[in-house]
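Numbering-wise, the numbering used here puts 244 at position 40 of the sequence shown, and it's gapless, one number per residue.
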Amino acid sequence: MVRERRAGKLRDDATVFSGLFWSGTRGLELGLIDGLGDMRQELKRRYGQKTKLELVTAGRGLLGRRIPGVSPVTLEGAASGLTMGLVEAAEERALWSRFGL
């Protein structure tokens with residue numbers, strides 16, 4: 205698939221499809237990429253210098269709005285830990301109840 209789409213651009217080098225990861229200037233040398241740059245540069249090159257990017261942030265959930273400094277990732281981790289703790293406690297209780305304790 206890469207050979208078909210990059211026909212005429214790929215360098216004839218045995219290491220291109222060796223499974224190694226190519227990035228940056230080496231990827232450019234091998235013909236795997238067309239150029240180096242960042243998103244802002246490329247968008248301005250394609251659509252003009254007046255192009256502006258708008259920063260889009262992730263929405264905050266109910267608790268995230270009420271507790272400053274708490275991210276959704278933190279809440280997700282806490283919920284996961286609480287759930288696992290409850291499951292482990294139930295399993296331990298079931299194990300001890302087998303012995304009448």
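By construction, the Cβ of each residue, glycine as well, lies at the ideal position given by its N, Cα and C atoms.
Using three-state DSSP, classify K248 as helix, strand or coil.
The residue you call residue 248 lines up with position 44 of the sequence shown. Judged by DSSP in its simplified three-state form, K248 adopts helix.
Taking the alpha-carbon positions, what's the A283 to S222 distance?
As a position in the sequence shown, residue 283 is number 79, starting the count at 1. As a position in the sequence shown, residue 222 is number 18, starting the count at 1. Take the alpha-carbon of A283 and the one of S222: they are about 42 Å apart.
Out of D242, R249, R250 and A218, point me to the one whose CA is closest to G235's CA.
If you number the sequence shown from 1, residue 235 lands on position 31. When only C-alpha atoms are compared, the closest one is A218.
Enumerate, from N- to C-terminal direction, the unbroken alpha helix (DSSP H) stretches of 4 or more residues contained entirely within the stretch 205–255.
206–209, 228–234 and 243–251
Should L232 and L224 be called a contact, given that it needs their Cβ atoms to be closer than 8 Å?
Here residue 232 corresponds to residue number 28 of the sequence shown, with the count starting at 1. Here residue 224 corresponds to residue number 20 of the sequence shown, with the count starting at 1. No, the pair does not count as a contact, with Cβ atoms beyond the cut-off.
Would you identify the three-state DSSP class for A262, choosing helix, strand or coil?
Within the sequence shown, the letter at position 58 stands for residue 262. A262 falls in the coil class under three-state DSSP.
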